[in-house]
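Residue numbers (the working numbering): 82 to 280.
Below you'll find the structure, written out as structure tokens, and then a few comments.
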């Protein structure tokens with residue numbers, strides 16, 4: 082007789098908890114535990130470095146409309162800009178979420194990153210026009226993309242790195258997308274006319 086009110090209260094509590102859990106269940110909007118799983122220094126370095134790497138590609142691609150690039154190169158440049166701007170935004174958000182600075186001020190060690198163009202190469206590309214720009218753009222962007230793929234391989238080869246869901250997905254996307262683009266750019270480079278008069 083003494084236990085009945087306690088049992089009733091317990092049952093009521095369980096029912097309320099059950100309802101609350103049920104009402105929350107359909108909308109798991111933030112998979113926090115999975116997303117925050119095992120973030121390493123290598124993850125943070127990769128995300129920070131890849132932002133800087135992507136930013137150079139955006140500079141290169143941004144020159145296509147002003148340097149007399151052919152329509153196919155301009156389309157390629159637009160695809161690179163759209164894809165890499167989205168990835169930069171994702172990487173910056175991830176860094177902010179993990180209490181890290183979301184912008185890069187590491188111009189000094191930028192050239193240490195695989196595939197990065199030197200200042201001389203960037204000047205060469207900026208001075209090129211028309212078919213000359215097309216050829217250099219493809220040559221340098223292939224080099225640049227290969228560097229990004231190498232950065233992903235280095236991340237995946239680091240023990241404990243890329244266990245975080247977001248880092249793994251982003252790194253994997255970079256590798257797949259840029260490997261595909263390298264193959265496309267190699268075909269475009271081979272197809273370039275030897276000496277096409279500037280239009």
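Glycine is no exception: its CB is placed at the ideal position from the N, C-alpha and C atoms.
The model shown is predicted, which means the values in this text are computed figures rather than measured ones.
Does DSSP put residue 195 in a helix, in a strand, or in coil?
Here residue 195 sits in coil by DSSP.
Based on Cα-Cα distance, which residue from 256, 223, 152 and 143 lies nearest to residue 127?
Out of 256, 223, 152 and 143, 256 has the C-alpha closest to the C-alpha of residue 127.
Can you give the Cα-Cα distance for residue 250 and residue 237, rounded to whole angstroms?
Their backbone Cα atoms lie some 12 Å apart in a straight line.
Counting pairs of beta carbons, one from the stretch 192-203 and one from the stretch 157-173, are three or more of them closer than 8 Å?
Using a C-beta cut-off of 8 Å, the stretch 192-203 makes no contact with the stretch 157-173, since fewer than three inter-stretch Cβ pairs fall below that distance.
Identify whether residue 275 lies in helix, strand or coil by the three-state DSSP scheme.
Residue 275 falls in the coil class under three-state DSSP.
Run through DSSP, which three-state label would residue 269 get?
Residue 269 sits in a helix when the DSSP states are folded into three classes.
Best match in 243, 216 and 158 for proximity to residue 58 [C-alpha to C-alpha]
One cannot answer for residue 58 here, as it falls past the ends of the chain, which runs 82 to 280.
Among the residues of its own chain, which have a CB less than 7 Å from the CB of residue 243, if the five just before and after it don't count?
Taken in chain order, the residues that qualify are 124, 236, 237, 249 and 252.
Counting pairs of beta carbons, one from the stretch 134-154 and one from the stretch 208-228, are three or more of them closer than 8 Å?
Yes, since at least three Cβ pairs between the stretch 134-154 and the stretch 208-228 fall closer than 8 Å, the two stretches touch.
By alpha-carbon positions, which one of 173, 145, 160 and 148 ends up nearest to residue 131?
Restricting attention to 173, 145, 160 and 148, the CA atom closest to the CA of residue 131 is found in 173.
Does the Cβ of residue 233 have 16 or more other Cβ atoms within 10 Å, making it buried, or fewer, making it exposed?
Result: buried.
Helix, strand or coil, according to DSSP, for residue 245 in the structure here?
Three-state result, residue 245: coil.
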